[in-house]
Amino acid sequence: MVRSVWRDCLDTDVTDGDDFFDLGGDSATALAICARIEAELGVRPELRALFDHPGFADFAHRVDLLAREATR
Amino acid sequence: MTGSPWLRRLGRTEPDAQPGVVFFPPAGASASAGWALATGLAGTRAVLGVQYPGRGPRLREPHARSVRAMATATAAALAPDAHAVVLFGHSFGALLAYEVARTLEGMALPVAGLVVCGGSAPGRGDLPTHPEDLSDTALLAFLGSRGGTRPDLLADDDLMRLTLPALRADLAAGGTYVDTHAERTRTPVVAIGGAADPVVPAARLASWEAVTDTWWGTEVVDGDHFSFLTDAAALAAVLDRHWPTREGGEHEPRGPSATTPEARRPVQTTRFPRGE
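Same order as they appear, the protein sequences are chains A and L. With my numbering, letter number 26 in the first sequence gets 26, and the count goes up by one each step, no holes. With my numbering, letter number 87 in the second sequence gets 159, and the count goes up by one each step, no holes.
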């Protein structure tokens, strides 16, 4: 799910090793990604989490943890 | 050249035609502000963006304290390929690009050229410097009045909490920058801007003539403060006219006299008379 959000917002294919900033991500993209994840998963990652963890695999893992915490 | 945190490759292609472009973003912005330009120039020139600390991928780092400190670090990162790049700085970024050009010249590694955009030469007071101009409220008004930042981004508290400190640091650095170079630079300089720029009137672009021995004039397009950041074709025309590309080889700048009509793109080209 997180991958398809990145793909849509960044308009490019995304692999685990990709970096948000190397794919052209900026503030507007970051906000769009966080809002889409909130809409689909009901948890909103902090903007800062994306800036601090710009690697796709790392960010997706954090979203996964966030979603699991929310359902506990 | 991209091993440094100060430089990021922008765009998804890696053309090797020279000279490439090094983009210096305006106050508060990240290298990513040049992504649209890089995409627009795709296949013609490599574009590097200067990534200032304290934002974007360098959010955890402290802000730089001065233009000179930023210039020293950026110049060191650019030094290996300085001859093969044109520096393109917007507003605050124009001041920094100028200081980087001077720093590299001082290292006997001059860049191919300098394009300054949407800003006056050092010491003309474009940027707010008074402490009361740097409150959160004042900075939000500053961003709003310049245009170029989407209203929904301006209204996002989380984003502004991350952005305003960077903007404040850049304005403080730019506002206290003093050009201490006694001699004019030998680097060719072109100043560009929007005819309807409400922030920096186009006539002020000519102030850059005083800093260089190699003044290549002013070029103005229809548009506002941010036109050259969104219109890659207009920038490409300026670059092609003055610094035509060569595949991986040495390049010889042609200067403003030898122009290629097909490369002309700006709606309006104005050259201010010398010695104005």
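We put the CB at the ideal spot given by N, CA and C, even for glycine. Quick caveat: nothing in here was measured; it's all calculated off a predicted structure.
Neighbourhood of residue i by C-beta distance below 8 angstroms, restricted to the same chain and skipping five residues each side
{"i": "L/R258", "result": "E177, P182, T284, D285, T286"}
{"i": "L/P200", "result": "L206, A210, F214, L243, G247"}
{"i": "L/Y249", "result": "S138, V139, R140, L167, E171, P194"}
{"i": "L/T85", "result": "A114, G115"}
{"i": "A/C34", "result": "R44, P45, E46, L47, L50"}
{"i": "L/T144", "result": "T175"}
Inter-residue spacing [alpha-carbon to alpha-carbon] between residue i and residue j
{"i": "L/L186", "j": "A/R72", "result": "57 angstroms"}
{"i": "L/A306", "j": "L/D230", "result": "34 angstroms"}
{"i": "L/R127", "j": "L/G197", "result": "25 angstroms"}
{"i": "L/T290", "j": "L/Q123", "result": "27 angstroms"}
{"i": "L/R80", "j": "A/D22", "result": "8 angstroms"}
{"i": "A/R44", "j": "L/H253", "result": "50 angstroms"}
{"i": "A/G24", "j": "L/S104", "result": "6 angstroms"}
{"i": "L/L311", "j": "A/V63", "result": "43 angstroms"}
{"i": "L/H323", "j": "L/W288", "result": "The predicted model places L/H323 with a pLDDT of 46, which falls under 50 and marks its position as unreliable, so this point remains unresolved."}
{"i": "L/S76", "j": "L/W315", "result": "25 angstroms"}
{"i": "L/P97", "j": "L/R318", "result": "26 angstroms"}
{"i": "L/L82", "j": "L/V119", "result": "6 angstroms"}
{"i": "A/A57", "j": "A/I37", "result": "15 angstroms"}
{"i": "L/G112", "j": "A/E69", "result": "42 angstroms"}
{"i": "L/R346", "j": "L/P125", "result": "Because L/R346 carries a pLDDT of 34, less than 50, the predicted location of this residue cannot be relied on, and the following value inherits that uncertainty. Their Cα atoms are separated by approximately 38 angstroms."}
{"i": "L/D269", "j": "A/T12", "result": "34 angstroms"}
{"i": "L/A151", "j": "L/P91", "result": "14 angstroms"}
{"i": "L/G321", "j": "L/A238", "result": "Because L/G321 carries a pLDDT of 47, less than 50, the predicted location of this residue cannot be relied on, and no value is offered for it."}
{"i": "L/A99", "j": "L/S163", "result": "7 angstroms"}
{"i": "L/D88", "j": "L/G106", "result": "18 angstroms"}
{"i": "L/H135", "j": "L/G295", "result": "32 angstroms"}
{"i": "A/D8", "j": "A/S27", "result": "15 angstroms"}
{"i": "L/L236", "j": "L/L226", "result": "10 angstroms"}
{"i": "L/S217", "j": "L/V158", "result": "30 angstroms"}
{"i": "L/M179", "j": "L/D208", "result": "39 angstroms"}
{"i": "L/S102", "j": "L/R240", "result": "14 angstroms"}
Contacts around residue i, its chain only, beta-carbon distance under 6 angstroms, and the 5 residues preceding and following it disregarded
{"i": "A/F51", "result": "none"}
{"i": "A/T15", "result": "none"}
{"i": "A/W6", "result": "V14"}
{"i": "A/A60", "result": "V2"}
{"i": "L/A148", "result": "none"}
{"i": "L/T146", "result": "W78, V122, V172"}
{"i": "A/A30", "result": "L47, L50"}
{"i": "L/M232", "result": "none"}
{"i": "L/G220", "result": "F298"}
{"i": "L/A304", "result": "L109, G112, L113"}
C-beta neighbour in chain A for residue i, strict 8 angstroms
{"i": "L/P87", "result": "no"}
{"i": "L/S104", "result": "yes"}
{"i": "L/G128", "result": "yes"}
{"i": "L/R174", "result": "no"}
{"i": "L/W107", "result": "yes"}
{"i": "L/L307", "result": "no"}
{"i": "L/L181", "result": "no"}
{"i": "L/L131", "result": "yes"}
{"i": "L/R80", "result": "yes"}
{"i": "L/R218", "result": "no"}
{"i": "L/R117", "result": "no"}
{"i": "L/P91", "result": "no"}
{"i": "L/R140", "result": "no"}
Short CB-CB distance (under 8 angstroms) between residue i and chain L
{"i": "A/R36", "result": "no"}
{"i": "A/F59", "result": "no"}
{"i": "A/D16", "result": "no"}
{"i": "A/F56", "result": "no"}
{"i": "A/D13", "result": "no"}
{"i": "A/D64", "result": "no"}
{"i": "A/D8", "result": "no"}
{"i": "A/V5", "result": "no"}
{"i": "A/H53", "result": "no"}
Contacts around residue i, its chain only, beta-carbon distance under 7 angstroms, and the 5 residues preceding and following it disregarded
{"i": "L/T302", "result": "A108"}
{"i": "L/P129", "result": "Q123"}
{"i": "L/V188", "result": "G161, A166, A169, Y170, V261, A263, W280"}
{"i": "A/L66", "result": "V43, P45"}
{"i": "A/G55", "result": "D19"}
{"i": "L/A154", "result": "L176, L181, P182, V183"}
{"i": "L/P174", "result": "Looking at the sequence itself, residue 174 of chain L is Arg, so the reference to Pro does not match. Cβ neighbours of L/R174 beyond the five flanking positions: H253, T257."}
{"i": "L/A282", "result": "A193"}
{"i": "A/L10", "result": "L23, G24, G25, T29"}
Discussion item. So if I threshold CB-CB distances at 9 angstroms, which residues from the region 19-48 of chain A count as touching chain L?
Written reply: D19, F20, F21, D22, L23, G24, G25, D26, S27, A28, T29, A30, L31, C34, E46, L47, R48
Worksheet item: Mind listing which residues of the region 224-246 of chain L have their C-beta closer than 9 angstroms to chain A's C-betas, in chain order?
Response: D224, L225, D228, D230, L231, R233, L234, T235
Worksheet item: Can you list, in chain order, the residues of the region 246-259 of chain L whose Cβ is nearer than 9 angstroms to any Cβ on chain A?
Response: none
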